[in-house]
Amino acid sequence: MYVVKVPGINGLGKTKGCEGAGNAIIAELKNIYSNEIGKEISVGKLDLEEIHLDNSNLEITSKLIYKNALETFEEKPKVIFLGGDHSVSFGLSRAFLDFCKNSGKEPCLIVFDAHPDCMEPVDGNFPTHEEWVRGLVKKGFPAKNILLIGVRNSWKDELKFLKEKGINIVSMNNLLTDLEKVCDGIMEFANNKELYVSVDIDVVDPVFAPATGHREVGGLSSRKMIYLISRINKIKTLRAVDIVEINSEKDKEFNNLTVKLGAKILSELI
């Protein structure tokens, strides 16, 4: 399995500490000996890479993320990216969009997040972790092929943007009412499309994932998150997953609970 650490942060000063999550997740993965389908987990067998970034220079960072991601999509059948905050998903998914265009395939994006990340841009060239989805749509990603799961706190202008663009949303109430049906709907949504999945750890309730920048109560349990990701991993056209917004520095206060969940999610994708 090809795993790439992407230690980028552009979170308006709110996400410092997320840049170390990739290393922390890999370290914690060493304590997981097998995933839930019984597959042995061996960190030594992973194809591990890192995009070395300078977070003080957003222009260089943006170009490096895009360039490396595009090369990865062209060379690897499946990849897992470990952020970083959610701003890294802009460059990664933009490269995914261009890869799909170049190969004549239809792109699909599923985002697990407590927030829609569709705020008005601070800088249109380098979207922050609060506006990257909006930036991606402006770059040409088909809004009808975007599905947001677990959103439970949106600003007024975000709600307007979501409605205008026709972006699909699965609410927390839907998830709790019939999880099996939701999973079936996700599979149908991604059918015959190249799939990119982005996991912001704040989709999970802060009881289970406290070390993140914008904690929102009423989220998924870690059990349901693991189930959802294991179902998604069965989609044959799944090309990439990113796991973002885990603050490994802040997690030291919580006995690495959030990092452990990130490692658990990773183990189900291997």
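In the numbering used here, the protein residues as written are 1045 to 1314. From the three backbone atoms N, C-alpha and C, an ideal C-beta is built for every residue, glycine too. Every value quoted in this text rests on a predicted model; they were computed, and no experiment measured them.
Problem set entry | Own chain residues within Cβ distance below 7 Å of Gly1262, not counting five before or after | Arg1196, Met1216, Asp1249
Exercise. Hey, how far is the Cα of Ser1242 from the Cα of Asn1075?
Worked result: 24 Å
For this session: Find the nearest neighbour of Leu1108 within the set Gly1210, Asn1212, Arg1138, judged by alpha-carbon distance.
Result: Arg1138
Exercise. Do the stretch 1161-1177 and the stretch 1214-1231 meet, that is, are 3 or more Cβ pairs less than 8 Å apart?
Worked result: no
Problem set entry | Reference Glu1232; option with closest CA among Lys1209, Lys1278, Arg1267 | Lys1278
Exercise. Rounded to a whole number of angstroms, what is the C-alpha to C-alpha distance between Asp1142 and Leu1102?
Worked result: 20 Å
For this session: Classify Gly1128 as buried or exposed, calling it buried when 16 or more other Cβ atoms lie within 10 Å of its own Cβ.
Result: buried
For this session: May I ask which residues mark the beginning and end of the alpha helix (DSSP H) holding Glu1312?
Result: 1301-1313
For this session: Inspect the beta-carbon positions of Ile1069 and Asn1099 and report whether they are closer than 8 Å.
Result: no
Problem set entry | Phe1298: first and last residue of the uninterrupted beta strand (DSSP E) it sits in | Looking at the DSSP string, Phe1298 is not in any beta strand (DSSP E), and its letter there is neither H nor E.
Exercise. For Gly1130, is the classification buried or exposed, using 16 other Cβ atoms within 10 angstroms of its Cβ as the cut-off for buried?
Worked result: The sequence given here places His at residue 1130; Gly does not occur at that position. Buried, since its Cβ has 16 or more Cβ neighbours within 10 Å.
Problem set entry | Buried or exposed (CB count within 10 angstroms, at least 16 for buried), Pro1121 | exposed
For this session: Compare the C-alpha of Arg1178 against each of Ala1158, Asp1201, Ile1193, Phe1156 and name the closest.
Result: Asp1201
Exercise. Given that a residue counts as buried once 16 or more other Cβ atoms are within 10 Å of its Cβ, and exposed if not, what is Tyr1077?
Worked result: exposed
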